[in-house]
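In our numbering, the protein residues as written are 1110 to 1501. Virtual Cβ for every residue (Gly too), placed ideally from N, Cα, C. A quick note: this is a predicted structure, and the numbers were derived from the prediction, not measured. Note sheet for the following structure.
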Amino acid sequence: MDDTTFAGIQQAYLAAPSAQLAEVLVQAYIDRDDLDEGVEFYRRAVQSFPQIARDEWQALFEDDAGNDIDVDDGSSAADELARRRAKVRLVGPDEGAEPVNLDMYRAQATTFADVVGLAQIKKQIHKKIILPFEKPSLYARFRKKVGGGVLLFGPPGCGKTLLARATAGECNASFFNVAISDVLDMYIGESERKLGAIFEKARSETPSVIFFDEIEALAGKREHARNSSLNNVISQMLTELDGFSQANDKLLVLASTNVPWAIDPAFLRPGRFDRMFFVPPPDKVARSAILAHHMRERPCEDDIPYDTLAAKASGYSGADLENVVEMAADEAIDESLTAGEDTLIGLRHFQAALDQSRSTTTEWLTTARNYARYANDGGRYNDVLEFLKKHG
């Protein structure tokens, strides 16, 4: 795994820790022969997500007495890891293993009615993606394919995953949410087998939508790859995407990323992920609606000025706004405990929450601005430039 992809996964884990990302990071530390950092991360991750514990990892990260490795004992981490790898017999999957069961990835689709804001991008998706599914005969007459590859990119927490789920619902298609950790495997050849099986099963259930979140872990630039196994996975992914001209009719592959500039250019050529949609932070109207949405069924005062609060939350993502609501609820709970009586969530609680919070999209937009100005191949980031010009 190259440094850019590894750093991207680390950032994704810090922004939204999950068991799936923790597993990918642990395996990445092992693949990079980074035992010092790996044992520290594994120790913390298992405390938060006990379900990720594996016997083979435990054997790699513990000494012969069953205690955690002392990473400060002056020994060479690489030599120590090599010794433990030799000691632990890692048995790969049996030949002729059962095909991947895609049902484990099946997720509930929604509709655009469940997506607050993003009116412009929903309009574009309806025109370019959903209409071909609704009127296949019209598009067949003009020899236009139904399906293809679509890349959603933008700051974290702005609704890329929710938008993908809603797109599947609007297409009346089966929705399969495939985590990167479900594809990457420590055994040589197993990742490619899983990926091929996922696509093959999805093709048999068309119309269907496969969604890959954090796609940069599978589609990072190959010149930065540190091992050939990752290159093999990338090649397998490209092969499956090239099925669009043959067996991938009515199969839509959606992917999301926070770092589109880290994607290998081979994935972005026509016939693969040839359509890119920028999912920006919500505008003022959307921010107001998001706040009101997350306040449903919560005890609150009737006169909360969501429009005023939205104006003070410029640049906040949907996840940021949800966090503001949670912080306002915490303020109301603290006040209830102090007063000894129930308190409704009001404007003062939101003001306190906004004083303690900040936008998490600023850093991303700053980085994206530089790429949009100086590495905007083919106008790929024109939507980013327009957004920055409009919102500053």
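- Message: Among the candidates Arg-1274, Asp-1429, Tyr-1248, Val-1133, whose CA atom is the shortest distance from the CA of Phe-1459?
- Response: If we check each option's Cα against that of Phe-1459, Asp-1429 comes out closest.
- Counting only the same chain and skipping the five closest in sequence on each side, list residues whose C-beta sits under 7 Å from that of Ser-1300. Result list for Ser-1300: Val-1292, Leu-1293, Asp-1294, Val-1342, in chain order.
- What is the C-beta distance between Leu-1260 and Phe-1382, in whole angstroms, given that I count them as a contact (C-beta under 8 Å)? Indeed, because the Cβ distance is near 4 Å, the residues count as touching under 8 Å.
- Item | Thr-1502 - partner residues in DSSP beta bridges | Lying outside 1110 to 1501, the shown extent of the chain, residue 1502 is not represented and no answer is given.
- Message: Helix, strand or coil, according to DSSP, for Gly-1427 in the structure here?
- Response: Three-state result, Gly-1427: helix.
- Task: Let me know the secondary structure DSSP gives Asp-1145 once reduced to three states.
- Result: Asp-1145 falls in the helix class under three-state DSSP.
- Task: With a cut-off of 8 Å on the beta carbons, I'd call Ile-1118 and Ala-1137 a contact; round off their distance for me.
- Result: Right, their Cβ atoms sit about 7 Å apart.
- Measure the alpha-carbon distance for Leu-1494 versus Ser-1468 and round it to whole angstroms. Rounded to the nearest angstrom, the two C-alpha atoms are 19 Å apart.
- Query: Among the residues of its own chain, which have a CB less than 7 Å from the CB of Ala-1128, if the five just before and after it don't count?
  - Reply: Counting only residues of its own chain and dropping the five nearest sequence neighbours on each side, Ala-1128 has a CB closer than 7 Å to the CB of Phe-1158, Gln-1160, Ile-1161.
- Item | Terminal residues of the beta strand (DSSP E) in which Phe-1386 lies | Note, Phe-1386: beta strand (DSSP E), 1384 to 1387.
- Between Val-1344 and Ala-1477, what straight-line distance do the alpha-carbon atoms span, to the nearest angstrom? Here residue 1344 turns out to be Ser, not Val, going by the sequence shown. Computed Cα separation, rounded: 27 Å.
- Message: Would Leu-1350 and Val-1362 be called neighbours here (beta carbons separated by less than 9 Å)?
- Response: In this structure, Val-1362 lies closer than 9 Å to Leu-1350 by Cβ.
- Query: Residue range of the alpha helix (DSSP H) that Ala-1286 falls in?
  - Reply: Just to set this straight, residue 1286 is Asn in the shown sequence, not Ala. Segment 1283 to 1287 is the beta strand (DSSP E) holding Asn-1286; no alpha helix (DSSP H) there.
- Message: If I follow the unbroken alpha helix (DSSP H) through Phe-1221, where does it start and stop?
- Response: Phe-1221 -> no alpha helix (DSSP H), and no H or E assigned at all.
- Item | Beta-bridge pairing of Cys-1409 - partner residues as DSSP gives them | Cys-1409 pairs with Ile-1454.
- Message: Going by C-alpha to C-alpha distance, which of Ala-1420, Val-1255, Val-1433 sits closest to Phe-1242?
- Response: Closest by C-alpha distance to Phe-1242, out of Ala-1420, Val-1255, Val-1433, is Val-1255.
- Task: Have a look at Val-1200 and Gln-1156 and give me their C-alpha separation to the nearest angstrom.
- Result: Low confidence applies here, because Val-1200 scores a pLDDT of 36, under 50, leaving its location unreliable; read the following figure in that light. About 26 Å.
- For Lys-1421 and Ala-1097, the rounded distance between their alpha carbons: What is shown of the chain runs 1110 to 1501, which leaves residue 1097 out entirely.
- Task: Please report how far the alpha carbon of Arg-1378 lies from the alpha carbon of Phe-1115, in whole angstroms.
- Result: Spanning the alpha carbons of Arg-1378 and Phe-1115 requires a straight line of approximately 24 Å.
- Under 9 Å, do Ser-1423 and Cys-1267 count as touching if we go by C-beta distance? With respect to the 9 Å criterion, Ser-1423 and Cys-1267 are not classified as neighbours on the basis of their beta carbons.
- Message: Quick check on Leu-1327: does DSSP put it in helix, strand or coil?
- Response: When secondary structure is reduced to three states using DSSP, Leu-1327 falls in the helix class.
- Message: Nearest by alpha-carbon distance to Ser-1317: which of Ala-1277, Ile-1413, Met-1346, Gly-1487 is it?
- Response: For the residues Ala-1277, Ile-1413, Met-1346, Gly-1487, the minimum Cα distance to Ser-1317 belongs to Ala-1277.
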